[in-house]
Amino acid sequence: MKTFNKIIAILLILVLCLPFLTGCYDAVSIETLAYVIAVGIDKGENNNLKLSFQIAALSNASSSDGGSSSQYKSASVISVDCSTIDHGINLINSYISKKINLSHCKAIIISEDLAYDGLSEYIFTFVNNIEVRPNCNVLISKCTANDFLNMFQPSLESVSARYYELILNSSSYSGYIDNIYLADFYEKILDTTSQASTLLVNINDKSLHTQDINSENKLNGNYLAGETPINSTSKTEIMGLTAFKEDKLVGELNNLETLCHLIVTNKLEKGIIVIPNPFNTQSNISLSIGLYRDTSISAELVNNFPYISCNISIKANVTSMDYTIDLSDSENLKFLEECLNEYLEENISSYLYKTSKEFKSDIVGFGRCFLPKYLTWLDWCDTDWLNNYENSTFKINVSSNVESGYLYTKI
């Protein structure tokens, strides 16, 4: 009897273990997937889309101890004309030997021409795709997205996916770009208190390096993407921002205007600014600046016209200037602070009036300052803030603390 019970127990254990011993016939391995690094969207022929994918090529690299690992080696670009994004993905899946996978997509690049017509359909499609991560970046390209992807040649990185991560992180030390994610863009095009913005990209065009080189903007180093006088094996660059009204592109901001945007929105960590030398009109002064404290914004309606005040506090270090100027003299340092304050007030004011009068787009989100003043949601909606923003008046007050250099202190 004991032997019989033992046999029954063993058989029962075997039956319970059998499901765990079976293989996964429908398992998806890394070799069966085509990992997309970036997606490009352009206008196609006959009102169709031209969908481009930058796909990572995986290689098996043997390690020194005899093991092996898979890593990104290079990337190829494949494009297709299609009626919708999902239709294009399905067409490519039927053509290549692997299944398109968007879980490692770092950037969605959309051509400027398409962005002027509206992007809600494409943004909603990506947001609805469970493979696309919410921290995927949205970029607007002044050239076609397909050309941008084909010209993409990282100069210091062999891994394309890694390059996207690093170049977009430059916002923390350059002040010339703002890292904007798919989730942020999606939220803003549906928001009633602010409008969306994205990064601006382009192919570096040598013909633009000498264009208007004597203009004030070029002398002070203010550029849009594609205009910077940089010679490199990498032909693509990211510089500046775009402004949207609802889901349509309405304007572009250069690198100085982007820096002003980061100051007002409290996103500036560190950046370089070039101002006219107040001690010598024939030269400029470079300063490394950051926020001393968060920008304080107050807003009120005066006869139904928005009146917005921004109190900005800046810390700065002089990084380059004429050696004959003695900044150990407190009077000289105070005079430089006043000039920096005036320069920033003028440019921040110009940037804000550009967004309100020219773009009619509140990409800062000043509407959030007015929202608490209304008791109900219907009262707020009745204000029609996004259309009333163009009537705004701004008062900018900048105070700065300038130190003579990096020899003794750092910001």
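Under this note's numbering, the residue at position 371 of the sequence shown is numbered 371, and the numbers go up by one with no gaps. Just so it is clear, CB atoms sit at the ideal spot from N, CA and C, and this is done for glycine as well.
Relative to the alpha-carbon of residue i, which residue among the options has its alpha-carbon at the smallest distance?
{"i": "S174", "options": "S298, S111, L268", "result": "L268"}
{"i": "N341", "options": "I396, K99, K50", "result": "I396"}
{"i": "S361", "options": "V77, K188, C105", "result": "K188"}
{"i": "S413", "options": "I85, I123, I325, A145", "result": "The chain is shown from 1 up to 411; residue 413 falls before or after that span and cannot be answered."}
{"i": "S103", "options": "V138, I37, C143", "result": "I37"}
{"i": "S400", "options": "T295, Y181, W385, S313", "result": "S313"}
{"i": "S197", "options": "L371, L344, K248", "result": "K248"}
{"i": "Y164", "options": "Y307, K99, A75", "result": "A75"}
{"i": "H87", "options": "K98, I180, L49, E257", "result": "L49"}
{"i": "P134", "options": "S404, T125, L256, S286", "result": "T125"}
{"i": "F370", "options": "D384, A299, I325", "result": "A299"}
Contact defined as beta carbons within less than 8 Å: I believe residue i pairs with residue j. What is the distance between those atoms, to the nearest angstrom?
{"i": "D184", "j": "L199", "result": "Their Cβ separation, rounded to whole angstroms, is 11 Å, which puts D184 and L199 out of contact at 8 Å."}
{"i": "T228", "j": "N204", "result": "7 Å"}
{"i": "F394", "j": "C310", "result": "7 Å"}
{"i": "V77", "j": "N150", "result": "5 Å"}
{"i": "F335", "j": "P278", "result": "6 Å"}
{"i": "N101", "j": "A34", "result": "6 Å"}
{"i": "G240", "j": "T265", "result": "About 15 Å; that fails the 8 Å criterion."}
Quick check on the DSSP output: the alpha helix (DSSP H) that includes residue i runs from which residue to which?
{"i": "G40", "result": "That residue, G40, is in no alpha helix (DSSP H); its beta strand (DSSP E) goes 33–43."}
{"i": "I348", "result": "330–353"}
{"i": "V132", "result": "Note, V132: premise wrong, no alpha helix (DSSP H); not H, not E."}
{"i": "I189", "result": "182–190"}
So is residue i buried or exposed if we call it buried at 16+ other beta carbons inside 10 Å?
{"i": "A424", "result": "With the chain represented from 1 up to 411, any question about residue 424 goes unanswered, as that position is not in the structure."}
{"i": "Y95", "result": "exposed"}
{"i": "S52", "result": "buried"}
{"i": "D382", "result": "exposed"}
{"i": "Q54", "result": "buried"}
{"i": "L190", "result": "exposed"}
{"i": "D65", "result": "The pLDDT assigned to D65 is 42, lower than 50, so where the model puts this residue is not dependable; a value taken from the coordinates is nonetheless given after this. Looking at its Cβ environment, which holds fewer than 16 other Cβ atoms inside 10 Å, D65 is exposed."}
{"i": "K106", "result": "buried"}
{"i": "I263", "result": "buried"}
{"i": "I213", "result": "Bear in mind that a pLDDT of 47 at I213, under 50, signals an unreliable position, so the number given afterwards is only what the model happens to contain. Exposed, by the Cβ-count rule."}
{"i": "V402", "result": "buried"}
{"i": "I230", "result": "exposed"}
{"i": "D329", "result": "exposed"}
{"i": "N202", "result": "buried"}
{"i": "N46", "result": "exposed"}
{"i": "Y25", "result": "With a pLDDT of only 47 at Y25, under 50, the local geometry of the prediction cannot be trusted, and no value is derived from it."}
{"i": "L344", "result": "buried"}
{"i": "T242", "result": "buried"}
{"i": "I8", "result": "exposed"}
{"i": "F305", "result": "exposed"}
{"i": "E237", "result": "buried"}
Terminal residues of the continuous beta strand (DSSP E) containing residue i?
{"i": "L102", "result": "Neither: L102 is in no beta strand (DSSP E) and is coded neither H nor E."}
{"i": "D382", "result": "It is not in any beta strand (DSSP E) - D382 instead sits in the alpha helix (DSSP H) that spans 377–383."}
{"i": "S399", "result": "393–403"}
{"i": "V138", "result": "137–141"}
{"i": "K248", "result": "248–253"}
{"i": "S94", "result": "Segment: none, S94 is in no beta strand (DSSP E) and carries neither H nor E."}
{"i": "A316", "result": "305–320"}
{"i": "E237", "result": "236–245"}
{"i": "N421", "result": "This structure cannot speak to residue 421, because the chain is shown only from 1 to 411."}
Just to check, is the beta-carbon of residue i closer than 7 Å to a non-hydrogen atom of the ligand GTP?
{"i": "D329", "result": "This structure does not include the ligand GTP; it has no bound ligands of any sort."}
List in chain order: all unbroken beta strand (DSSP E) runs of 3+ residues lying wholly within the region 265–300. 271–276
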